[in-house]
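Going by our numbering, the sequence shown opens with residue 11, and the numbers climb by one from there. This report concerns only the one structure given below.
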Amino acid sequence: MMRNRVIATLVLMLALFFTPPMTAFPTGIGNLADNGCLCHGVSDPSTKVEISGLPQAWEANTTYSLSIGVSSTDETLANGSRGGFRLLFSGGEVNYSHEIVQNLDSGLTHTETGSEGRQWQVNWTSPDDATTTVISQRESDHSNISSVVRQCRQW
Numbered sequence: 011m012m013r014n015r016v017i018a019t020l021v022l023m024l025a026l027f028f029t030p031p032m033t034a035f036p037t038g039i040g041n042l043a044d045n046g047c048l049c050h051g052v053s054d055p056s057t058k059v060e061i062s063g064l065p066q067a068w069e070a071n072t073t074y075s076l077s078i079g080v081s082s083t084d085e086t087l088a089n090g091s092r093g094g095f096r097l098l099f100s101g102g103e104v105n106y107s108h109e110i111v112q113n114l115d116s117g118l119t120h121t122e123t124g125s126e127g128r129q130w131q132v133n134w135t136s137p138d139d140a141t142t143t144v145i146s147q148r149e150s151d152h153s154n155i156s157s158v159v160r161q162c163r164q165w
């Protein structure tokens, strides 16, 4: 009986040893997150996601510098990841540093290197036609930018 328990314990320990570690999404968040949050663990109300630089009403063919930031008391993960984001625009063009931001599944997200920080910069150039409705996935409404709240609070 004792021998069976020892063998079962050893098998369980070996199975756990060979289980690969889980590390969130350090290489970017794809379209799995387009219809809602794709959080990592329990929600942390102290985590804040902010986007600054979007105007209340945009002018046609104008470039706006956007700052995306995550503030949290969470520590850096073992793989060096500190944060990430996913940002969608239905119109206009976006330019960014390919070292820390990438286009993945038709949306902007961090790269593996970009996940080591909690601040990202992108430049959004509005459409040529100012009557176009642009939908951005972010946290507040603007007069001609329809927005959707999709904040994940942990990572």
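The C-beta atom is built at its ideal place from N, Cα and C for all residues, glycine as well.
_Secondary structure, beta strand (DSSP E): runs of 3+ residues fully inside the stretch 75–147_ = 103–106, 111–114, 117–120, 129–135, 144–147
*asked:* Please identify the residue among PHE95, THR83, SER100, LYS58 whose C-alpha is closest to the C-alpha of THR135.
replied: SER100
*Which value, in whole angstroms, describes the spacing of the CA atoms of ALA67 and GLY102?*
14 Å
*What is the DSSP secondary structure of GLU149, reduced to helix, strand or coil?*
Reliability fails at GLU149, whose pLDDT of 31 lies under 50, so the model's placement of it is uncertain and the value that follows must be treated cautiously. GLU149 falls in the coil class under three-state DSSP.
*Is the beta carbon of PHE95 sitting closer than 8 Å to the one on ILE78?*
yes
*Thinking just about the alpha-carbon of each residue, which of LEU98, TYR106, VAL104, SER107 is nearest to the one in ASP115?*
LEU98
_Quick check: what's the CA-CA separation for PRO65 versus TYR74?_
8 Å
_Three-state secondary structure (DSSP) of GLU60_ = strand
*Residues bridged to THR72 by DSSP?*
Answer is none; THR72 lacks a bridge partner.
_ASP44 (DSSP reduced to helix, strand or coil)_ = The pLDDT assigned to ASP44 is 49, lower than 50, so where the model puts this residue is not dependable; a value taken from the coordinates is nonetheless given after this. Coil, per DSSP.
*So, is THR119 buried or exposed, given that buried needs 16 or more other C-beta atoms within 10 angstroms?*
buried
*In terms of alpha-carbon separation, which member of GLY124, ILE61, GLU69, VAL144 lies closest to GLY93?*
GLY124
*How long is the line joining the alpha carbons of VAL144 and ASN133, rounded to whole angstroms?*
15 Å
*Alpha carbon to alpha carbon, how far is SER62 from LEU76?*
6 Å
_Member of GLN129, ASN113, ALA70, SER91 whose CA lies at the smallest distance from the CA of ASP138_ = ALA70
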